[in-house]
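The sequence shown begins at 1265 in my numbering and counts up one residue at a time. From the three backbone atoms N, C-alpha and C, an ideal C-beta is built for every residue, glycine too. Keep in mind the model is a prediction, meaning the values are calculated, not measured.
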Amino acid sequence: MEMSPENILKALGNVEDPDLKKDLVSLNMIKDLKVDNLHVSFTLELTTPACPMKDMLKNACINAIKHLVNSDAQVEVNLSSRVSTPTDISGLAGIKNIILISSGKGGVGKSTVASNLAIAMAKTGASVGLIDADIYGPSIPTLFDLVHAKPSAKETPSGKTLIEPIEKHGIKILSLGFFADPEQAVPWRGPMASNAIKQLFNDADWGELDYLFVDMPPGTGDIHITISQTFPITGAVIITTPQKLAVADTTKGLNMFLMPGINIPVLGVIENMSYFVAKELPDHKYYIFGRDGGKDLAAKNQVPFLGEIPIIQSIADSGDTGIPLVWDASDKREMLFDELAGKIAQQVSIRNRQV
Ligand SMILES: Nc1ncnc2c1ncn2[C@@H]1O[C@H](COP(=O)(O)OP(=O)(O)OP(=O)(O)O)[C@@H](O)[C@H]1O
Ligand SMILES: [Mg+2]
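In C-alpha cells, the structure reads:
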C-alpha cells in the first residue's frame, strides 16, 4: 500500500489505548505526522509521562504500519505527553489534577506513600506538588528533612502575596508544619484549620502542576470535608494495611468519598505493610498482619486494587532520616513506587476521559 498520511492514519486507527478503550487516532494522540518515501515520523501524545504502557503502544504503532501499509516502512515514534485534567479548574489555574492520599485509619503509611509516590511521579518528567494537609501532626517536614524550612513570600504583579513552595527532590512542597514551631502543638480550631488549609492551595505559587498530591490527616474530619467541597479533586487513593480492623476503618474512609455531597472518585486502594521479607530468606513472604485485606476492600467497593507495599526496614529508616526511599537510587525497591505512580497516572487518565 502507498505510504501516504491517509494510509498511515488508517493503520494507526487500529491501535487501541487499552485504558481509554479507543484508537489512538480518535483520541487525537497522533501529532506531527510526516511521511517521506518509506520514512514516517510522528509524535504519540500520551495523557501522562508516567504511562506504564508507552513502550507497548509505541511498538503497536510500528507493527500496525509495517503490517498494514508497508513492511519496509521506517517508523520513528516520538513520545510526548500532555496530562489530562477533569475540569477547567477555575479556582486553581495551572493545577491539572489533585490527588488525595487518604485512609480512615492513622499510621497506615499515608505520608510515607504520598512522599514516595510524588517523587516517583516527578521522576517520569511530570510536574508534581505535595501538600501536607495533616495539620495536627504534619510529617512531611520530617520526611523531607525540612523541619526548619521557612517558605518565602512573593508579590505578584497584581499585588497578591503568594507563598513559595519549598522545592526538594524534584517536587514543590507545602506543609502547615513550615509555619509552626516544630516542638509546639498547634491548637487549630475547626474554621481556622480549614482556612489555613485553603491557603496552602489558593495562596501559593504552584505554577503549572500535572499532579498535586495531598497527604491527608487520618480519619474523616473537617479537613476532608473542606478540601473535598472546596477544590476540584480528580480522585482519592486509599491506603490500608491488611488487618481486619484497619480495613474496617479504611472502609469508612473510602465510603466518605463516595457520599453524595462529597462524591470524589476513588482511584484505587494501596495495601501497605502487606508482608515482611527477611534478608536471609528473600523468597519467603511473611504475612504477619494477615492477607489480602486491601484486595478485598477494593473488590467489595468495586475500585481498582493498585498494589502491595511490603514492610521494608529502609522505608522506616528513610522516614526518620528525611531521605525518602525513591531518592536512594541504590535501592531496587524504589521500583515499587515507580509502578504505583504509573498505575495512579493511568487511573487519572481513565477518569479524566470519562468526565
Ligand atoms: N512499608 C513500610 N515499611 C516499613 N515501615 C513503614 C512502611 N510504611 C510506613 N512505615 C512507617 O510507619 C510509620 C507510619 O507511617 P506514616 O507516618 O507514613 O503513616 P500515616 O498514615 O501518615 O500516619 P498518620 O495517620 O499519623 O498521619 C512511619 O514510621 C513509617 O516510616
Ligand atoms: Mg501522616
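Let me see if you follow: with CB-CB separation under 7 Å, is Q1618 close to chain C or not?
This model lacks chain C altogether, as it is built from one protein chain only.
Helix or strand or just coil, what does DSSP make of S1264?
Outside the shown range of the chain (1265 to 1619) lies residue 1264, about which nothing can therefore be said.
Give the C-beta separation of F1495 and F1465 to the nearest angstrom, bearing in mind that I take them to be a contact with Cβ-Cβ under 8 Å.
Confirmed, about 6 Å.
Are the CB atoms of F1601 and L1381 within a distance shorter than 7 Å?
yes
Mark I1552 as exposed unless 16 or more other C-beta atoms lie within 10 angstroms of its C-beta, in which case mark it buried.
exposed
Selection from L1561, M1267 and E1544 that minimises the alpha carbon distance to I1503
Taking only the C-alpha atoms, the option nearest I1503 is L1561.
Name the DSSP bridge partner or partners of D1620?
There is no way to answer for residue 1620, as the model of the chain reaches only from 1265 to 1619.
What residues in its chain sit with their C-beta under 6 Å from that of D1409, if we drop five residues either side in the sequence?
Exclusion of the five residues before and after D1409 leaves G1586 as the residues of its chain whose Cβ lies within less than 6 Å of its Cβ.
Mind the definition here: the stretch 1307-1315 touches the stretch 1558-1577 only if three or more C-beta pairs lie below 8 Å; say whether that holds.
The stretch 1307-1315 makes no contact with the stretch 1558-1577; the number of CB pairs closer than 8 Å stays below 3.
Proximity to G1628 [Cα-Cα], best of V1567, G1606 and L1426:
With the chain covering only 1265 through 1619, there is no way to say anything about residue 1628.
Would you tell me roughly how many angstroms separate the C-alpha atoms of G1557 and K1549, rounded to the nearest one?
16 Å
Could you tell me whether the stretch 1531-1544 touches the stretch 1484-1495, where touching means 3 or more Cβ pairs closer than 8 Å?
no
Beta-bridge pairing of F1521 - partner residues as DSSP gives them:
Partner(s): none; F1521 has no beta bridge.
Whole-angstrom Cβ separation of A1500 and S1366, contact assumed at under 8 Å?
5 Å
If we count Cβ pairs, one from each stretch, closer than 8 Å, do we get three or more for the stretch 1411-1419 versus the stretch 1367-1387?
no
Excluding five sequence neighbours on each side, which residues of the same chain lie with their C-beta closer than 8 Å to the C-beta of K1462?
T1490 and T1494
Suppose only complete runs of 3+ residues qualify. What are the beta strand (DSSP E) ranges in the stretch 1508-1565, listed by chain order?
Residue ranges of uninterrupted beta strand (DSSP E) with 3 or more members, entirely inside the stretch 1508-1565 and ordered along the chain, are 1530-1540.
I need the straight-line Cα distance from G1483 to P1350, nearest angstrom please.
Taking C-alpha positions only, G1483 is separated from P1350 by approximately 26 Å.
Whole-Å CB distance - A1397 paired with I1487, under 8 Å assumed:
A1397 to I1487, Cβ: 6 Å. Contact.
Sub-7 Å separation of V1372 and T1505 beta-carbons
yes
Just curious, the beta strand (DSSP E) that S1305 is in, first and last residue?
Start and end: H1303 to L1310.
Does at least one heavy atom of ligand 2 sit under 6 Å from the Cβ of K1220?
This structure cannot settle anything about residue 1220, because the visible part of the chain is limited to 1265 through 1619.
Buried or exposed: where does S1375 fall if 16 or more other Cβ atoms within 10 Å of its Cβ makes it buried?
buried
Which of helix, strand or coil DSSP assigns to P1316:
coil
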